[in-house]
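Colleague: Residue numbers (the numbering used here), protein chains in the order written: chain A, 74 to 276; chain B, 74 to 276.
All C-beta atoms in this analysis are idealised placements derived from N, C-alpha and C, irrespective of residue type, glycine included.
2 protein chains.
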Amino acid sequence: MDYSSKLIEDAVNAFATLPGIGKKTALRLTLHLLNKDPGTTTTFVEAIDQFRQKIQRCKQCFNIADDEVCLICKNHARNRSVICVVEGIRDVMAIEDTAHYNGLYHVLDGVISPIDGVGPEQLNIESLVERIKKEDIEEVIMAISPTIEGETTIYYLTKQLQGQDVRVTQIARGVAFGGELELADEITLGRSIVTRIPYETNR
Amino acid sequence: MDYSSKLIEDAVNAFATLPGIGKKTALRLTLHLLNKDPGTTTTFVEAIDQFRQKIQRCKQCFNIADDEVCLICKNHARNRSVICVVEGIRDVMAIEDTAHYNGLYHVLDGVISPIDGVGPEQLNIESLVERIKKEDIEEVIMAISPTIEGETTIYYLTKQLQGQDVRVTQIARGVAFGGELELADEITLGRSIVTRIPYETNR
Numbered sequence: 074m075d076y077s078s079k080l081i082e083d084a085v086n087a088f089a090t091l092p093g094i095g096k097k098t099a100l101r102l103t104l105h106l107l108n109k110d111p112g113t114t115t116t117f118v119e120a121i122d123q124f125r126q127k128i129q130r131c132k133q134c135f136n137i138a139d140d141e142v143c144l145i146c147k148n149h150a151r152n153r154s155v156i157c158v159v160e161g162i163r164d165v166m167a168i169e170d171t172a173h174y175n176g177l178y179h180v181l182d183g184v185i186s187p188i189d190g191v192g193p194e195q196l197n198i199e200s201l202v203e204r205i206k207k208e209d210i211e212e213v214i215m216a217i218s219p220t221i222e223g224e225t226t227i228y229y230l231t232k233q234l235q236g237q238d239v240r241v242t243q244i245a246r247g248v249a250f251g252g253e254l255e256l257a258d259e260i261t262l263g264r265s266i267v268t269r270i271p272y273e274t275n276r
Numbered sequence: 074m075d076y077s078s079k080l081i082e083d084a085v086n087a088f089a090t091l092p093g094i095g096k097k098t099a100l101r102l103t104l105h106l107l108n109k110d111p112g113t114t115t116t117f118v119e120a121i122d123q124f125r126q127k128i129q130r131c132k133q134c135f136n137i138a139d140d141e142v143c144l145i146c147k148n149h150a151r152n153r154s155v156i157c158v159v160e161g162i163r164d165v166m167a168i169e170d171t172a173h174y175n176g177l178y179h180v181l182d183g184v185i186s187p188i189d190g191v192g193p194e195q196l197n198i199e200s201l202v203e204r205i206k207k208e209d210i211e212e213v214i215m216a217i218s219p220t221i222e223g224e225t226t227i228y229y230l231t232k233q234l235q236g237q238d239v240r241v242t243q244i245a246r247g248v249a250f251g252g253e254l255e256l257a258d259e260i261t262l263g264r265s266i267v268t269r270i271p272y273e274t275n276r
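The structure is reproduced here in structure tokens:
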């Protein structure tokens, strides 16, 4: 498209580098900012710039943080004897949204995947073992995707934690709420029968 | 959603102010920038900031411009005796994309619409009349949407240009190329019969 302006072309190309945004949408966003007063763009640009320059990883759990330690690790109202181990920061957000968990987290930043060249040393595993040694942790919940890489990671972590006085659990797997039994895959359905639980606890 | 970081929350909210971008997409865009090195965000933010701070309207045709005069008005290879009158800058882009027009433009910045409180004095009409008086213009093409407001605007402009030695034309209206006759609306189809043209010129 001929924008007859280098400035607008640069802005459109900038938006178009974002995932899921093509040239047409990028132009729409650019013209939207053009129609608003310049202050709107300044506010927009500053929020994103500040976020990227100032955001850190929590030195304790590797969640995203505004300071050295994230808000979850800082919050003394939370149960500090449970650590939920997750793959990434999005998982922290997803679990926080359920409002069913009140403990701490540990973000691995991935799973063990030899095909992708990701070994245990690339993940935040050593720091997790250290935390469990030093702090008074009673339970470690593995909230990791039930994929081959995920299972490998859980197995490796469990080996690393052997000998520590800590209970290792994993999130329940089974047929999703609202899901149709006949549409569930064989492995999930089969495992959900084998790992069935007493009726009361499921309420 | 609980982002456990004010910085990320501000960035997500900034993206979510853009049209067609909800909170979930905004989070995806924010995390995309987080996964890239900080330089990517700086480039992104600067392109948009520069665009909004520096962009101008061409003092001659009111198209967007990097300087006082836009690239189209500056281009002496274009036919300077024809002015195409359009509602907005998007129309300039759309017509430029056709590569079928080589003249100049004049952006009105809207159409006359008493319901929306837009009168002729809010539009760039006086400057158009001045241009036609001063410059050596032979033809003015009205490329304005065939709506009631558009027709009113064309009528008003034509009245204003009366007495000037200039030919006023308007873009052809009719059944769109590739369009099915039976799906065309009555008015378009009816007018396209009344305003039929000799076969040769239509090639």
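Which residues does DSSP pair with Cys146 (chain A) in a beta bridge?
Modeller: On the first sequence, residue 146 (chain A) is found 73 positions in, with the first residue counted as 1. Paired residues: none, contrary to the question.
Colleague: Please name the residue in A:Lys132, A:Ala257, A:Arg246 and A:Gly251 whose C-alpha comes closest to that of Ile270 (chain A).
Modeller: Taking the first sequence and counting its residues from 1, one reaches residue 270 (chain A) at position 197. The shortest Cα separation from Ile270 (chain A) among A:Lys132, A:Ala257, A:Arg246 and A:Gly251 belongs to A:Arg246.
Colleague: At the level of alpha carbons, what is the spacing between Thr90 (chain A) and Thr114 (chain B)?
Modeller: Numbered from 1 along the first sequence, position 17 holds the residue referred to as residue 90 (chain A). Numbered from 1 along the second sequence, position 41 holds the residue referred to as residue 114 (chain B). About 10 Å.
Colleague: Could you round the C-beta distance between Gln218 (chain B) and Glu169 (chain B) to whole angstroms and report it? I think they count as a contact, below 8 Å.
Modeller: Within the second sequence, the letter at position 145 stands for residue 218 (chain B). Within the second sequence, the letter at position 96 stands for residue 169 (chain B). Residue identity differs from the one stated: residue 218 (chain B) is Ser in this sequence, not Gln. Ser218 (chain B) to Glu169 (chain B), Cβ: 17 Å. No contact.
Colleague: Could you give the distance in angstroms between the alpha-carbon of Leu234 (chain A) and the alpha-carbon of Ala99 (chain A)?
Modeller: Within the first sequence, numbered from 1, the residue matching residue 234 (chain A) stands at position 161. Within the first sequence, numbered from 1, the residue matching residue 99 (chain A) stands at position 26. Spanning the two alpha carbons is a distance of roughly 49 Å.
Colleague: Classify Ile188 (chain A) as buried or exposed, calling it buried when 16 or more other Cβ atoms lie within 10 Å of its own Cβ.
Modeller: Along the first sequence, read from residue 1 onward, the residue named residue 188 (chain A) stands at position 115. When all chains shown are included, Ile188 (chain A) counts as exposed.
Colleague: For a cutoff of 8 Å on Cβ pairs, would you count Tyr272 (chain A) as touching chain B?
Modeller: On the first sequence, residue 272 (chain A) is found 199 positions in, with the first residue counted as 1. It does not; no Cβ of chain B falls within 8 Å.
Colleague: Return the first residue and the last residue of the alpha helix (DSSP H) that Ile81 (chain B) is part of.
Modeller: Position 8 of the second sequence, counted from the first residue, corresponds to residue 81 (chain B). Run containing Ile81 (chain B): Lys79 to Ala89, per the alpha helix (DSSP H) assignment.
Colleague: Would Ile81 (chain A) pass as an interface residue toward chain B - the criterion being a Cβ-Cβ separation below 8 Å?
Modeller: Looking up residue 81 (chain A) in the first sequence gives position 8. Ile81 (chain A) counts as touching chain B.
Colleague: Tell me, please, whether the CB atom of Asp164 (chain B) is closer than 8 Å to any CB atom in chain A?
Modeller: Mapped onto the second sequence, residue 164 (chain B) falls at position 91. Not closer than 8 Å to any Cβ of chain A, the Cβ of Asp164 (chain B) fails to qualify, so no.
Colleague: Would you please verify whether the beta carbon of Phe250 (chain B) is less than 8 Å from any beta carbon of chain A?
Modeller: For the purposes of this step, residue 250 (chain B) is identified with residue 177 of the second sequence, where counting begins at 1. So, not an interface residue.
Colleague: Enumerate in chain order the residues of its own chain whose CB-to-CB distance from Ile227 (chain A) is below 6 Å, with the five nearest sequence positions on each side excluded.
Modeller: Numbered from its first residue, the first sequence carries residue 227 (chain A) at position 154. Here the set comprises Met215 and Ile217.
Colleague: For Val213 (chain B), is the classification buried or exposed, using 16 other Cβ atoms within 10 angstroms of its Cβ as the cut-off for buried?
Modeller: Locating residue 213 (chain B) in the second sequence gives position 140, where the first residue counts as 1. So Val213 (chain B) ends up on the buried side.
Colleague: In chain order, what residues of the same chain have a beta carbon less than 8 Å from the beta carbon of Gly263 (chain A), not counting five sequence neighbours either side?
Modeller: Taking the first residue of the first sequence as position 1, residue 263 (chain A) is located at position 190. Around Gly263 (chain A): no qualifying Cβ.
Colleague: Pairing CB atoms from the stretch 126–133 of chain B with CB atoms from the stretch 127–147 of chain A, are three or more of them under 8 Å?
Modeller: Judged by Cβ distances under 8 Å, the stretch 126–133 of chain B makes no contact with the stretch 127–147 of chain A, as fewer than three pairs qualify.
Colleague: Residues of the stretch 136–169 of chain B with a CB closer than 8 Å to any CB of chain A: list them in chain order, please.
Modeller: Going along the stretch 136–169 of chain B in chain order, one finds Asn136, Ile137, Ala138, Asp139, Cys143, Leu144, Ile145, Ile162, Arg163, Val165, Met166 and Glu169 with a Cβ nearer than 8 Å to chain A.
Colleague: Three or more C-beta pairs closer than 8 Å, one from the stretch 183–199 of chain A and one from the stretch 100–108 of chain B: is that the case here?
Modeller: Taking 8 Å as the limit for Cβ pairs, the verdict is that the stretch 100–108 of chain B does not touch the stretch 183–199 of chain A.
Colleague: Does the beta carbon of Tyr76 (chain B) sit closer than 8 Å to a beta carbon anywhere in chain A?
Modeller: Taking the first residue of the second sequence as position 1, residue 76 (chain B) is located at position 3. Yes, contact with chain A.
Colleague: Compute the distance between the beta-carbons of Val180 (chain A) and Val165 (chain A), then report whether it is under 8 Å.
Modeller: Counting from 1 along the first sequence, the entry for residue 180 (chain A) is found at position 107. Counting from 1 along the first sequence, the entry for residue 165 (chain A) is found at position 92. The answer is yes: Cβ separation under 8 Å.
Colleague: Check whether chain A comes within 8 Å of Leu91 (chain B), counting only Cβ atoms and requiring the distance to be less than that.
Modeller: Mapped onto the second sequence, residue 91 (chain B) falls at position 18. Closer than 8 Å to some Cβ of chain A, the Cβ of Leu91 (chain B) qualifies, so yes.
Colleague: When you compare the CB positions of Gly223 (chain B) and Val184 (chain B), do they come within less than 8 Å of one another, or not?
Modeller: Here residue 223 (chain B) corresponds to residue number 150 of the second sequence, with the count starting at 1. Here residue 184 (chain B) corresponds to residue number 111 of the second sequence, with the count starting at 1. Against a cut-off of 8 Å, the Cβ pair of Val184 (chain B) and Gly223 (chain B) comes out as a contact.
Colleague: Quick one: using the 10 Å Cβ neighbour count with 16 as the cut-off for buried, is Ala87 (chain A) buried or exposed?
Modeller: Sequence index remark: in the first sequence, residue 87 (chain A) carries index 14 (1-based). Buried: at least 16 other Cβ atoms inside 10 Å.
Colleague: Strictly under 8 Å for the Cβ-Cβ distance: is His179 (chain B) near chain A by that measure?
Modeller: Taking the second sequence and counting its residues from 1, the one referred to as residue 179 (chain B) is at position 106. Closer than 8 Å: no.
Colleague: DSSP three-state label for Leu262 (chain B), please.
Modeller: As a working note, residue 262 (chain B) is residue 189 in the second sequence. Leu262 (chain B): helix per DSSP, three-state reduction.
Colleague: At the 8 Å Cβ level, is Lys127 (chain B) part of the contact set with chain A, yes or no?
Modeller: As a first step, residue 127 (chain B) must be located in the second sequence, where it is residue number 54. Chain A, which has a Cβ nearer than 8 Å to the Cβ of Lys127 (chain B), makes this yes.
Colleague: Under three-state DSSP, which class holds Glu194 (chain A)?
Modeller: Position 121 of the first sequence, counted from the start, is the residue given in the question as residue 194 (chain A). Helix at Glu194 (chain A).
Colleague: With a 10 Å radius around its C-beta and 16 neighbouring C-beta atoms as the bar for buried, classify Val267 (chain A) as buried or exposed.
Modeller: For the purposes of this step, residue 267 (chain A) is identified with residue 194 of the first sequence, where counting begins at 1. It counts as exposed.
Colleague: Using DSSP's beta-bridge definition, name the partner residues of Leu177 (chain B).
Modeller: Against the second sequence, residue 177 (chain B) aligns to sequence position 104. In the DSSP output, where bridge partners are listed per residue, Leu177 (chain B) has B:Ile156.
Colleague: Which residues in chain B have a C-beta closer than 8 Å to the C-beta of Asp122 (chain A)? List them in chain order.
Modeller: Translated into the one-based positions of the first sequence, residue 122 (chain A) becomes position 49. Correct list: Thr114, Thr115 and Val118.
Colleague: Determine the direct distance from the alpha carbon of Asp140 (chain A) to that of Val241 (chain A), and round the result to whole angstroms.
Modeller: Start at 1 with the first residue of the first sequence, and residue 241 (chain A) comes out as number 168. Start at 1 with the first residue of the first sequence, and residue 140 (chain A) comes out as number 67. If you take the alpha carbons of Val241 (chain A) and Asp140 (chain A), they lie about 30 Å apart.
Colleague: Closer than 8 Å, CB to CB, is Pro219 (chain B) near chain A or not?
Modeller: Locating residue 219 (chain B) in the second sequence gives position 146, counting from the first residue. Not an interface residue.
Colleague: For Ala138 (chain B), which residues of its own chain have a beta-carbon under 6 Å away from its beta-carbon, when the five flanking residues on both sides are left out?
Modeller: Sequence index remark: in the second sequence, residue 138 (chain B) carries index 65 (1-based). Excluding residues within five positions, the ones whose Cβ falls inside 6 Å are Gln129 and Cys131.
Colleague: Closest to Cys143 (chain A) by CA distance: which of A:Val155, A:Ser154 and A:Ile162 is it?
Modeller: Here residue 143 (chain A) refers to the residue found at position 70 when the first sequence is read from its first residue. Cys143 (chain A) has its Cα closest to that of A:Ile162, out of A:Val155, A:Ser154 and A:Ile162.
Colleague: In whole angstroms, what separates the C-alpha of Glu82 (chain A) from that of Gln123 (chain B)?
Modeller: The sequence position of residue 82 (chain A) within the first sequence is 9, counting from 1. The sequence position of residue 123 (chain B) within the second sequence is 50, counting from 1. Taking the straight line joining both Cα atoms gives about 11 Å.
Colleague: What is the DSSP secondary structure of Ser186 (chain B), counted as helix, strand or coil?
Modeller: Locating residue 186 (chain B) in the second sequence gives position 113, counting from the first residue. Three-state DSSP puts Ser186 (chain B) in a strand.
Colleague: Just the chain B side, please: which residues come within less than 9 Å of Pro111 (chain A) by C-beta, in chain order?
Modeller: Here the question's residue 111 (chain A) lines up with position 38 in the first sequence. In chain order: Arg125 and Gln126.
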